[in-house]
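Engineer:
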Amino acid sequence: MRLFICLLLSLLYVTNIVQSQENKYNFEALGKPVRSTIPIQFVTSTPSTGSIAWASLTDADRSALIGINLESGELTEIDLTPYGKANGVLIFKESNHIIHIYAGVPGRFFRYDVNTDKLSVIGEVTKSKYWMSTSYTIAPDGKIYVGTYPRTAVSVLDPETESVEVLDQISSTPGTEYVINPASSDDGIIYFPTGMHHGELWVYNPETKTKKQILPEYLQTYGQPRIWIAEDGKVYGKKGSTKFLCTPDGIIEGKTKPKRKRKKDHNTISHRALFINEKGALVLEDIGSKERIQVKSEFEPPAHEIYSIGDVFKEKLYGSSLKPGHVFTFDLKSRQFEDLGKITRGGVQVYDILSSSDGLYMSSYTGGYIDYFDYDEEAGPINQTSIAHLKATDNQERIVQMVYGENGHIYAPTFPIKGYLGGVLTEINTQTRVVKTFKGLIKDQSLTSITSIPMTGELLITSSIYGGTSAKPKARSAFIFIWDPETETVKYKSQPIPTARKYGKTVLASNGMVYGTAKDSIYAFDPINYKVTFKGKLKTQLQVKTPKLMLSDRAGRDGILYGVDVVNGQLFSIDSNTNHLQLLAQDDSIIGARFAEVKDDGYLYYPHDAVLMRVKVVKE
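Have a look at this one:
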């Protein structure tokens, strides 16, 4: 009993310390910088409900079926998030009172009755984790085929019987995990493009349940072939510059026809339902006059997850949302956001934004793009200049960071395209804009972060055993290493945390040591003498789960290093003079954060889904 009381008092003591520390830290929700419109997919009309315009929604924290009455603006929102927030929600109009849905993680089919407002699950839950909004086809018999990831699986719904079938492993080729944008010919034959390590094209006969790969080997390059159904009811395709007709026996090169226009079912007698705008209003168009009207509703328009932030430039913090990859700014003085839209070549997300004296570099996905923008005081980033397209040149698509070296060049670590292993170090000469890449620095490993070492001009780089999506790692543990830009060689490599499979961002401390993380561990590395000087863990009795630690890649103005535990929602600091790790506060908004960065204003910025957050860590 005495032992139990002592433990309880100890826990209460630690809890009180944390609570007293939390009182010093104010976690501010600054707002949701990026919202968007959503298109109407179809309209239903029944005597009991009237005409309702329907759309599918996936944003930072919701997956839902959305309906807005064309006359009253009454909102119907069917929340699908409890089944797992999917990257996409597919909806299909079976009749004016039945809607079929494919959503959830893992994916599954649903039936929604418009008249009774009842949602029910149909058939088995599949193993699918990802699919694209266009990755489906409807066969002439009405069956719905949804191409998914992983295992090149296809989920099939027969709307008439509401039975579900899963066609598992259309392809068993290693590195081939996706079925993307299938198509059905008018004679009922289904074609499944697969990828991504290399492309294949499978033909499937629903009557005989047989399948066959028909893409010639010389066309089985990276990525899936693109196929479509034409006005003649046949399926055509393209791989690279080769166009072809798809048949059950193979492809016939040189034959092609334009894509059949998909019929839209979003009209009433007098109006056409177009989209739901950024304010949540349904936008209608008069079929005769083309005049647009807005029907107000209580719908909260989608806010997109914040993916990254970059530099502060001209007193504005730059960042990016995810799907779509809009660039936004946050004015540090006025506290106002501005959505600049999709301005980079990669439209999904922007990984990093690096300022120069008169403009901005941006790295974006997909495509492994780096763009440069001049800066106009009124218009902001303008005159996009293409710097790199690493997917085309080096099979790389994720440029995760950009930093300046001591020689003035920009250096960027990368992850490869889907199905591949091995990142590259990218070097950009800022004077000539010439790009060089260095491959195989750590065999079969991606590169995760870079810190420039002023004392030597060298770079400390970290790695990960993981590659592009669906690639299987070959190495057991990751490395940190020293790169010499002058001799273009790896001078030293080490594994400070031998079990680490991935190292996180690193930061140069005021004492000249470089600090980094690997899951729940922190290490310090001496870049002059090439040795690990410290290893530690954030210890607190409040942890519920094993921490995952993340450091800001720059120290605060006070010389202290700051970071977060994204599993338990903890804010911590490191005094590099003593290697003392201190828990500062706990807040659930930190859980799941993609980044945590300290800026010159003394705030640590981080995302909570679609909300940009900050907390003052450097006291005045």
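Mind the numbering: the sequence shown is residues -20 to -1, 1 to 600 in mature numbering (1 follows the signal peptide of the UniProt record, and there is no 0), read in order.
Each residue gets a CB set at the ideal place from its N, CA and C atoms; glycine is no exception.
Keep in mind that this is a model prediction, so the values were computed, not measured.
1) Quick one: complete beta strand (DSSP E) runs, 3+ long, within the region 66 to 149?
2) Who are the near neighbours of Ile71 in its chain, counting only those whose CB is closer than 7 Å to its CB and skipping five residues on each side?
3) Here's the rule I'm using: 16 or more other beta-carbon atoms within 10 Å means buried, otherwise exposed. How should Asn375 be labelled?
4) Within a Cβ cutoff of 8 Å, which residues of the same chain sit near Asn257, ignoring the five residues on either side of it in sequence?
5) How many Å lie between residue 605 and Tyr585 at the Cα?
6) In the DSSP output, what is Thr61 paired with across the bridge?
7) Using a Cβ-Cβ cut-off of 7 Å (strictly less than) and excluding sequence neighbours within five positions of Gly516, which residues of its own chain qualify?
8) Helix, strand or coil: how does DSSP classify Ile460 here?
9) Distance check for Pro527 and Ile571, CA to CA, integer angstroms please.
10) Could you tell me the alpha carbon to alpha carbon distance between Leu254 and Asn247, rounded to whole angstroms?
11) Mapping the DSSP letters down to three states, classify Glu466 as helix, strand or coil.
12) Straight-line CA distance for Pro396 to Arg378?
13) Return the chain-ordered list of same chain residues with a C-beta closer than 6 Å to the C-beta of Val415, the five sequence neighbours on each side being excluded.
14) So what does DSSP say about Thr373, is it helix, strand or coil?
15) Since Lys499 and Ser444 are thought to touch, with beta carbons under 8 Å apart, how far apart are those beta carbons, to the nearest angstrom?
16) At 3 residues or longer, and completely inside the region 216 to 273: list those beta strand (DSSP E) runs for me, N to C.
17) Counting along the chain, where does the beta strand (DSSP E) carrying Gly30 start and finish?
18) Which residues does DSSP list as the beta-bridge partners of Ile430?
19) Compute the Euclidean distance between the alpha carbons of Gly326 and Gly348, then round it to the nearest angstrom.
20) Cα separation between Asp41 and Ser569?
21) When DSSP labels each residue in this structure, what does Glu197 get in the three-state scheme?
22) Under DSSP, the beta strand (DSSP E) around Lys525 begins and ends at which residues?
23) Going by beta-carbon coordinates alone, are Pro173 and Ile207 separated by less than 8 Å?
24) Thinking C-alpha only, which one of Cys226, Asn6 and Thr346 is nearest Thr449?
25) What's the C-alpha gap between Thr365 and Gln381?
26) Just to confirm, is the Cβ distance from Ser429 to Thr486 under 8 Å?
27) Any idea which residues DSSP pairs Gln381 with across the strands?
28) How many Å lie between Ala576 and Met530 at the Cα?
29) May I ask you to report which of helix, strand or coil DSSP gives Ser569?
30) Could you spell out the range, first to last residue, of the beta strand (DSSP E) harbouring Met493?
31) Pick helix, strand or coil for Leu297, following the three-state DSSP scheme.
32) Let me know the secondary structure DSSP gives Gly155 once reduced to three states.
33) If you compare alpha carbons, which of Thr236, Pro139, Lys189 and Lys191 is closest to Glu211?
Structural biologist: According to the structure shown:
1) Here the runs fully enclosed are 70 to 73, 78 to 83, 88 to 93, 98 to 102, 116 to 118, 124 to 127, 134 to 138 and 143 to 147.
2) The residue labelled residue 71 in the question sits at position 91 within the sequence shown. The residues are Gln21, Trp34, Ser36, Leu45, Ile79 and Ile81.
3) Within the sequence shown, numbered from 1, the residue matching residue 375 stands at position 395. By the neighbour-count rule (16 or more Cβ atoms within 10 Å), Asn375 is buried.
4) Translated into the one-based positions of the sequence shown, residue 257 becomes position 277. Excluding residues within five positions, the ones whose Cβ falls inside 8 Å are Thr17, Val263, Gln274 and Pro281.
5) Residue 605 lies beyond the stretch modelled for the chain, which goes from -20 to 600, so this question has no answer here.
6) Position 81 of the sequence shown, counted from the start, is the residue given in the question as residue 61. Thr61 pairs with nothing; no bridge assigned.
7) Here residue 516 is taken as the residue at index 536 of the sequence shown, counted from 1. So the list reads Ile502, Asn559 and Leu561, once near-sequence residues are dropped.
8) Here the question's residue 460 lines up with position 480 in the sequence shown. Looking at Ile460 - three-state DSSP - the assignment turns out to be strand.
9) Locating residue 571 in the sequence shown gives position 591, where the first residue counts as 1. Locating residue 527 in the sequence shown gives position 547, where the first residue counts as 1. Each residue's alpha carbon lies about 10 Å from the other.
10) For the purposes of this step, residue 254 is identified with residue 274 of the sequence shown, where counting begins at 1. For the purposes of this step, residue 247 is identified with residue 267 of the sequence shown, where counting begins at 1. Going from the Cα of Leu254 to the Cα of Asn247 covers about 9 Å.
11) Start at 1 with the first residue of the sequence shown, and residue 466 comes out as number 486. Residue state, collapsed to three classes: coil.
12) The count along the sequence shown starts at 1 and reaches residue 396 at position 416. The count along the sequence shown starts at 1 and reaches residue 378 at position 398. Their backbone Cα atoms lie some 7 Å apart in a straight line.
13) By one-based count along the sequence shown, residue 415 stands at place 435. Excluding positions up to five away in sequence, the list reads Ala368 and Ile408.
14) For the purposes of this step, residue 373 is identified with residue 393 of the sequence shown, where counting begins at 1. Residue state, collapsed to three classes: helix.
15) Reading the sequence shown from its first residue, position 519 is the one you call residue 499. Reading the sequence shown from its first residue, position 464 is the one you call residue 444. About 12 Å separates the two Cβ atoms, so there is no contact after all.
16) 222 to 227, 230 to 233, 251 to 256 and 262 to 266
17) What you label residue 30 is simply residue 50 of the sequence shown in a count that begins at 1. Looking at the DSSP string, the run of the beta strand (DSSP E) that includes Gly30 is Gly30 to Thr38.
18) In the sequence shown, the residue the question calls residue 430 occupies position 450. DSSP, once it has assigned bridges, lists Ile441 as partnering Ile430.
19) Position 346 of the sequence shown, counted from the start, is the residue given in the question as residue 326. Position 368 of the sequence shown, counted from the start, is the residue given in the question as residue 348. Each residue's Cα considered, the two are about 7 Å apart.
20) On the sequence shown, residue 41 is found 61 positions in, with the first residue counted as 1. On the sequence shown, residue 569 is found 589 positions in, with the first residue counted as 1. When the Cα atoms are used, Asp41 and Ser569 turn out to be separated by approximately 13 Å.
21) As a working note, residue 197 is residue 217 in the sequence shown. Glu197 falls in the helix class under three-state DSSP.
22) Here residue 525 refers to the residue found at position 545 of the sequence shown. Lys525 -> no beta strand (DSSP E), and no H or E assigned at all.
23) Walking along the sequence shown from the start, residue 173 turns up at place 193. Walking along the sequence shown from the start, residue 207 turns up at place 227. Their beta carbons are under 8 Å apart, which means Pro173 touches Ile207 by this criterion.
24) As a first step, residue 449 is located in the sequence shown; it is residue number 469 there, counting from the start. For the residues Cys226, Asn6 and Thr346, the minimum Cα distance to Thr449 belongs to Thr346.
25) Locating residue 365 in the sequence shown gives position 385, where the first residue counts as 1. Locating residue 381 in the sequence shown gives position 401, where the first residue counts as 1. Answer to the nearest angstrom: the Cα atoms are 19 Å apart.
26) Numbered from 1 along the sequence shown, position 449 holds the residue referred to as residue 429. Numbered from 1 along the sequence shown, position 506 holds the residue referred to as residue 486. Yes, Cβ-Cβ distance for Ser429 and Thr486 is below 8 Å.
27) For this step, residue 381 is matched to residue 401 along the sequence shown. The partner list for Gln381 (beta bridge, DSSP) is empty, contrary to what the question assumes.
28) Counting from 1 along the sequence shown, the entry for residue 576 is found at position 596. Counting from 1 along the sequence shown, the entry for residue 530 is found at position 550. Roughly 7 Å between the two C-alpha positions.
29) By one-based count along the sequence shown, residue 569 stands at place 589. Correct three-state label for Ser569: helix.
30) For this step, residue 493 is matched to residue 513 along the sequence shown. Premise fails: Met493 is in no beta strand (DSSP E) and is neither H nor E.
31) For the purposes of this step, residue 297 is taken as the residue at position 317 of the sequence shown. Strand.
32) As a working mapping, residue 155 is identified with position 175 in the sequence shown. The answer is coil: DSSP assigns Gly155 none of H, G, I, E or B.
33) Here residue 211 refers to the residue found at position 231 of the sequence shown. Among Thr236, Pro139, Lys189 and Lys191, the Cα nearest to that of Glu211 is on Thr236.
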